[in-house]
Ligand SMILES: C[S@@+](CC[C@H](N)C(=O)[O-])C[C@H]1O[C@@H](n2cnc3c(N)ncnc32)[C@H](O)[C@@H]1O
């Protein structure tokens with residue numbers, strides 16, 4: 031059996047950003063203590079200091095060339111943390127609610143850090159376009175299947191195909207499972223899997239469908255090239271693979287509805 035090639039190392043990127051935030055906090059605290067002639071015995075935690083941390087973190091992120099979205103997160107992280115704690119103590123609500131909000135976000139958006147793709151859904155039109163591109167009886171894997179918005183209509187249009195969806199956000203996986211159960215006959219050719227698409231082999235599939243973001247596309251192509259058979263298809267909605275010419279571009283009225291189709295060629299390693 032072909033081994034799955036692991037996910038690209040994104041945890042290192044997150045650790046790097048965390049280190050920048052910590053460095054900014056240390057610098058801002060240093061400035062604050064110098065400013066006060068080391069006279070304060072208590073740790074300061076006020077809005078002004080948090081804004082200083084935010085500005086320092088944003089500057090560091092710029093110097094170390096963090097992606098633009100990280101720079102925005104760095105700027106607002108410490109002030110937002112301060113405001114959240116301030117309003118929590120002001121309104122007297124239990125920290126349990128913050129934990130509950132965090133858990134809910136994690137259940138819904140777990141795929142955002144691991145796949146560099148948040149949740150947005152393909153419509154029925156993507157399934158219709160893809161159904162015309164896919165060969166008879168093909169086995170297709172939807173990497174990051176959300177709640178099945180692509181696979182369910184495709185399963186109605188192409189009962190000849192074997193469809194698999196893999197999703198790692200627990201709440202989305204459950205919603206997809208319920209939709210599948212309620213779809214009756216239509217979803218019979220769909221296998222619904224919980225897991226990380228970077229950690230499973232893609233070799234047994236004739237086609238991969240993805241609707242992710244620009245960031246993981248080079249790694250998606252690399253994994254497809256290394257694991258899939260020559261002639262297999264990679265279909266990406268909205269996000270082309272940089273530097274690779276698509277064999278078919280199913281142009282739609284808006285750029286987000288365009289499908290890019292690539293054929294895996296034989297790899298020489
Ligand atoms: C933009 S949505 C697309 C959903 C679905 N394919 C569609 O077209 O409607 C991307 C999905 O990928 C999931 N995802 C991101 N990284 C993942 C990973 N490493 N393993 C499994 N799912 C992942 C996200 O949770 C999200 O639901």
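In the working numbering, the protein residues as written are 31 to 299. Glycine is no exception: its CB is placed at the ideal position from the N, C-alpha and C atoms.
Among the residues of its own chain, which have a CB less than 8 Å from the CB of residue i, if the five just before and after it don't count?
{"i": "residue 82", "result": "58, 61 and 62"}
{"i": "residue 277", "result": "291, 292 and 293"}
{"i": "residue 111", "result": "80"}
{"i": "residue 185", "result": "191, 193, 213, 216, 217, 218, 219 and 220"}
Going by Cα to Cα distance, which pick from the options is closest to residue i?
{"i": "residue 249", "options": "262, 261, 272 and 237", "result": "272"}
{"i": "residue 90", "options": "78, 52 and 116", "result": "52"}
{"i": "residue 179", "options": "151, 133 and 106", "result": "151"}
{"i": "residue 210", "options": "113, 96 and 223", "result": "223"}
{"i": "residue 220", "options": "67, 232 and 207", "result": "207"}
{"i": "residue 288", "options": "154, 108 and 115", "result": "154"}
{"i": "residue 100", "options": "124, 50 and 66", "result": "50"}
{"i": "residue 200", "options": "174, 181 and 186", "result": "174"}
{"i": "residue 232", "options": "96, 137, 242 and 263", "result": "263"}
{"i": "residue 246", "options": "147, 257, 80 and 88", "result": "147"}
{"i": "residue 265", "options": "256, 257 and 242", "result": "242"}
{"i": "residue 234", "options": "161, 258 and 134", "result": "258"}
{"i": "residue 260", "options": "254, 253 and 295", "result": "295"}
{"i": "residue 78", "options": "92, 108 and 94", "result": "108"}
Could you check whether the Cβ of residue i sits closer than 8 Å to any heavy atom belonging to ligand 1?
{"i": "residue 140", "result": "yes"}
{"i": "residue 228", "result": "yes"}
{"i": "residue 287", "result": "no"}
{"i": "residue 324", "result": "An answer regarding residue 324 cannot be provided, because it is not within the stretch 31 to 299 covered by the chain."}
{"i": "residue 234", "result": "no"}
{"i": "residue 219", "result": "no"}
{"i": "residue 213", "result": "no"}
Pull up the CB-CB distance for residue i and residue j, whole angstroms please, since I reckon it's below 8 Å.
{"i": "residue 196", "j": "residue 227", "result": "5 Å"}
{"i": "residue 47", "j": "residue 96", "result": "6 Å"}
{"i": "residue 84", "j": "residue 105", "result": "5 Å"}
Can you find the residues in the same chain that come closer than 7 Å, C-beta to C-beta, to residue i, ignoring five residues on each side of it along the sequence?
{"i": "residue 244", "result": "269"}
{"i": "residue 286", "result": "268"}
Sorted by chain position, which residues of the same chain lie with C-beta nearer than 6 Å to residue i's C-beta, five sequence neighbours on each side aside?
{"i": "residue 203", "result": "197 and 224"}
{"i": "residue 159", "result": "280 and 289"}
Touch test, the segment 238-246 against the segment 199-216, Cβ-Cβ under 8 Å, three pairs minimum = Contact between the segment 238-246 and the segment 199-216 is not established, with fewer than three Cβ pairs separated by less than 8 Å.
Counting Cβ pairs, one atom from each stretch, are 3 or more of them under 8 Å apart for the segment 190-208 and the segment 160-169?
-> Yes, the segment 190-208 touches the segment 160-169.
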